Every structure is written in C-alpha cells, then in structure tokens.
Amino acid sequence: EEVGVKAFNPREAAATLQAWMVSHPDFAGSALVWILVGLLLLAIGLLVLVFSEVRVVLVVRDQDFRTDMSKGGYMNTTDKVAELEQREQDTVAARPYLTAGSVIVQFVACICILKPLCDVLDIIGLPSGNCFLTVAFGSFVGAVTTTTFVMSLCWSCTRGWAALVLLLIAVSGDLLCPTGSPFLVVIWLCSSGAAFFYYFLWLPEQGDPPSWCQSIGPIKPSMDPVEWHKAAQSATKAGLADLKDASASIPGIRSIV
C-alpha cells in the first residue's frame, strides 16, 4: 500500500452511499429512471435488429431455393418471379439502416444504464474523472458485440461461415475489452474492423469470391440522403404489399390495405 493512499473500504463506501441516499431521497428514483429508460431502449434496439435480420434471412433462404431449382432445371424465370425478386429487394433495402440504427439505440441504452454508476463512484469518493468516457466506450463495445452476436445466431443455419466470423468478432470483444488493457482493446478494434470489412464488404465485390465468402444481404449503408429516402420508400412499399397479402388470407377480409 502506497504512503498517503487510503485503501478502499467497501463497508465505508456502502455507509457513505446510504447516508447520501438518505439526505438525497430523489437520487434512487433518478437512477432507477435512467436504468428503466436504458432497458426500454435496449429492448427496442434488439427487437428492431432481430426483426430486420430474420426478415433478410427468410428472403435469402427463398433466393437460395429458387437458385437451386433453376440450376436443376425445375424452374424458369418468369415475370412473376422477377416481380417477386424486386419485392424482395425492396424488403431488404432498409436493412443496413435498421442495423446501424439498432447499434446506435443500444449504445445510448447502455450509457443510460451505466450512467448512475459514475454518480455512485463520485459519491463514495472513488476517482471518476474519466468515468463517462469509460462508460461510453464500454457501451460502444457492448452494442457492437451484442449486434454481431445476434446476427450470428440469426444466420447460423443459413450462412455458417459468415455466422462464424460474426461470432468471433462478438466473443473476442467480450473477452479482450473487459481486461481494461488499451493494447488489447486497440488490437480488437483494428482486427475486428479489418475482418468485417474484408469478409463482408471487400471480398464479395471481387469477381469470383471463394465459396466460404457468404453473402448475408445488403449490409453497407449509403451516406447519400437520397438513398435513405429510396430505401424507406422501398421498405414501406414492400411492407404494405406483405400486409395486403396477409390480410387477403383472413376469412371474411379481402384486404385491409
């Protein structure tokens, strides 16, 4: 123990926190609000992510089935098939933006959940000068690893190699980043970013990618606001078409759209 440095006493810290809460009765309620808001945002972000990924998985599986049928000579491309393929493209057009939006929502949610921790550290007298930066970075890592883990689960039965890459990114981040070592964190950021870019963005654009390079649908968002508008229109159009088809199968209801 260094001279002049007081050792951390958990009982004293608990007593200090309890005394603070007694003198500031609104602190517990404020912390609870932050946590509940964070949990709500986290649930919304995960629901959007799962809905988006499952929908793309179903589209890709249908496309794989038609490709196999065409190669076997059991199906020919017709106007109806072309119309179906266009509707599928419209369905998955908004996927990159939904994924990016989900990551942002999860990032904000984790900050909301962990924000009261900085207040607690300040109350009990522990160093908390860079607490918010630590919480922000931890929230970013948590959002990325959670997103890649969920995506790996969704694609595990359809794109095995792609799911493995996503799973390795998620697991390596969960193992290396909590160590608190800046060197390991930088290694994870660089290696995971490079692996994601190489496998999902660069390699598929080559003329003849290897068989282990598996597409998981559109994943690269555009920075052009015009493309955002087109993606939103396409997704809305496809959603209304799906709703119309679904309502037509309900007895007594011809269509609700």
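Residues in the sequence shown are numbered from 9 upward in steps of one, following the working numbering. Beta carbons: idealized from backbone N, C-alpha and C, even for Gly. Only a predicted model underlies this, so the values are computations on that prediction, with no experimental measurement involved.
- Task: Evaluate G168 with the Cβ neighbour count: other Cβ atoms within 10 Å of its Cβ, from every protein chain shown; 16 or more gives buried, anything less gives exposed.
- Result: Only exposed fits G168, as fewer than 16 other CB atoms lie within 10 angstroms of its CB.
- Task: Tell me where the alpha helix (DSSP H) around R69 begins and ends.
- Result: Start and end: 34-79.
- Item | Contact between the region 109-127 and the region 47-64 (3+ Cβ pairs under 8 Å) | At 8 Å Cβ cutoff, the stretches touch.
- Item | Segment contact flag, the region 175-187 with the region 149-162, C-beta cutoff 8 Å, min 3 pairs | Verdict: yes, contact present.
- Beta carbon of L184 nearer than 8 Å to that of V193: Going by C-beta atoms, L184 is nearer than 8 Å to V193.
- Considering P190, what are the terminal residues of the alpha helix (DSSP H) in which it resides? P190: member of the alpha helix (DSSP H) spanning 190-204, first to last residue.
- Item | Nearest to K123 (by Cα), restricted to the options F140, S180, T107 | The shortest C-alpha separation from K123 is found at F140.
- Message: Can you look up C162 in the DSSP assignment and give me helix, strand or coil?
- Response: C162 carries a helical assignment under DSSP once its states are collapsed to helix, strand and coil.
- Query: Quick one: what's got a C-beta closer than 7 Å to A36's C-beta in the same chain, skipping five residues either side?
  - Reply: Hits under 7 Å: M29.
- Simplified DSSP state of T187, which is helix, strand or coil: In the structure shown, T187 sits in a helix (DSSP, three-state: H, G or I).
- Task: Count the other CB atoms, across all protein chains shown, that sit within 10 Å of the CB of F59; report buried if there are 16 or more and exposed otherwise.
- Result: Exposed is the call here.
- For L40, which option in F205, L209, V128, S242 has the closest C-alpha, if you only look at C-alpha atoms? Closest by C-alpha distance to L40, out of F205, L209, V128, S242, is V128.
- Output the distance between the C-alpha atoms of I119 and P190, rounded to the nearest integer angstrom. If you draw a straight line from the Cα of I119 to the Cα of P190, it comes to about 20 Å.
- Does the separation of the CB atoms of P104 and P229 fall below 8 Å? Their beta carbons are under 8 Å apart, which means P104 touches P229 by this criterion.
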